[in-house]
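Residue numbering for the sequence shown follows the numbering used here, starting at 53 and increasing by one per position. Just so it is clear, CB atoms sit at the ideal spot from N, CA and C, and this is done for glycine as well. Here the structure is a predicted model, which is why all the values come from computation and not from measurement. Quick notes on the structure that follows.
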Amino acid sequence: MYSEEMTLARMVERRRDLHRYPETGWAEYRTTSKIAEALAAAGMDIRFTGDLIDPTSVMGRGTDNEAQEERAIRQGASPEIIKKMRGLTGLVAEVDTGCPGPLTALRFDIDSVDTTETEDPEHLPVICGFRSVNNGSMHACAHDGHAAVGMTLAEVISAERDSLRGKIRFIFQPAEEGARGGYAFLKAGSVDDADYFLTLHLGLGNPTGTVFGGTDGFLYSTKIDADYKGVGAHAGAEPQKGRNALLAAASAALPTSALRACSPNCRASSVSTARSLSRGLGRTAPATPSSGPAASGSARARARATRPACGTSASRARAARSAPPD
Ligand SMILES: [Zn+2]
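Right under this line is the structure:
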């Protein structure tokens, strides 16, 4: 029914297709459409995110969603499926084996990272023709692989339902980057009744084909946006009357990276990063800009009873290596 070669080839094909069309969190319209098509063809009932969650629990959604829907349709999404989404990406589908047993929930994240993919001619997606066509978006956190695995696994489990027990729920979750989409699904109770809950992440330095049951050393993240306000003044006539907001933000960004060494709990592992500073782009701005920049960054911390005392190079290096993009 399903040969290893068939499923592997299909996963590679799907992963490369999704990689070519990455979509940022809450804008995964094409991705959701492709997943819905595959699961419907496998005979699964689909519930779209718009029918599941409370819209007020959605965090960090863009304001250009209609344009994103149109872009997705141009890139191969089904207009009918887009309509059913009612503006919200992601979906849940379930296989009921008809035989009493546990409910197993499997979660796959589907969004991309907001970065531009390299054009290096040695880069495999460039060589094989599946480099991102959406400038500013790239599957740099393997969620294209996660979605491809989820789609193919759903097909296999649906086809093999007569030999299984219980129910298997597939959650294709939008907006994992920035820890946004998970909150909405959690609030909707999508895993409250699950006996088992499993998820996966690809990559990070292990040989292809190696599977680890569980991971260690990863840090949770909290995002902080800070707006700096100063006092404007003429750059040439009276710069001494200004209060430079840009300078204040830049000064604050530097010691932010040292916060990990100053944790009040010496048995904790943490890392803090100033992610971006932004202000106007003009070169003729006053020397003492009165507003902005907005500084955004993240602080990650996770208590670890077995972590070596903070301040050792080993613990700091481990923390830095362990921090995922989001
Ligand atoms: Zn990821």
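Between the alpha carbons of isoleucine 125 and isoleucine 276 lies a gap of roughly 34 Å.
In the three-state scheme derived from DSSP, where H, G and I count as helix and E and B as strand, threonine 59 is classed as helix. Check the Cα spacing between leucine 252 and each of His198, Ser273, Phe224: the tightest is with His198. In the three-state DSSP reduction, tyrosine 248 falls in the strand class (E or B).
The beta carbon of serine 210 is closer than 7 Å to those of Ala94, Gly95, Met96, Val147 in its chain, skipping five residues each way along the sequence. By the C-beta density criterion, serine 189 is buried, having at least 16 other C-beta atoms within 10 angstroms. With a threshold of 16 other beta carbon atoms within 10 Å, isoleucine 179 falls short and is exposed. For arginine 159, the beta-bridge partners assigned by DSSP are Ile223, Thr251.
Around the Cβ of asparagine 296, a 10 Å sphere holds 16 or more other Cβ atoms; the residue is buried. Within the DSSP bridge table, the entry for isoleucine 98 names Ala145 as partners. Going by beta carbons, aspartate 161 and threonine 76 fall outside the 8 Å limit.
A contact between stretches requires three or more CB pairs, one per stretch, nearer than 8 Å, and the region 264 to 282 fails this requirement with the region 135 to 142. At a cut-off of 7 Å, the beta-carbon of glutamate 169 does not count as near ligand 1: no heavy atom of the ligand is closer than that.
The region 212 to 225 makes contact with the region 152 to 159, as at least three CB pairs between them are under 8 Å. For a cut-off of 8 Å, the C-beta gap from aspartate 196 to glutamate 80 is around 11 Å, too long to register as a contact. In this structure, histidine 71 has its beta carbon at no less than 7 Å from each heavy atom of ligand 1. Within the region 249 to 284, the beta strand (DSSP E) runs of at least 3 residues that lie entirely inside it are, in chain order, 273 to 281. Shown here, threonine 84 sits in a helix according to DSSP, grouped into three states.
Between serine 130 and serine 184, the C-beta gap is not smaller than 8 Å, which leaves the two residues out of contact. For the pair of segments examined, the region 244 to 259 was found not to touch the region 110 to 129: the number of CB pairs separated by less than 8 Å stays below three. When DSSP states are grouped into helix, strand and coil, arginine 327 belongs to the strand group.
Valine 208 sits in a helix when the DSSP states are folded into three classes.
The beta carbon of glutamate 89 sits no closer than 7 Å to any heavy atom of ligand 1. Here alanine 61 is not near glutamate 207, since their CB atoms are 8 Å or more apart.
Minimum Cα-Cα distance from alanine 240 among the listed residues Leu104, Val201, Arg72, Met58 corresponds to Leu104. The beta carbon of glutamate 121 sits no closer than 7 Å to any heavy atom of ligand 1. Per DSSP, cysteine 180 is one residue of the alpha helix (DSSP H) stretching across 176 to 180. Taking all protein chains shown into account, threonine 83 has 16 or more neighbouring C-beta atoms within 10 Å of its C-beta and is therefore buried. Residue environment: tyrosine 73 is assigned as buried (16 or more neighbouring CB atoms within 10 Å of its CB, all protein chains considered).
For glycine 150, the closest of Val201, Asp214, Thr267 by C-alpha to C-alpha distance is Asp214.
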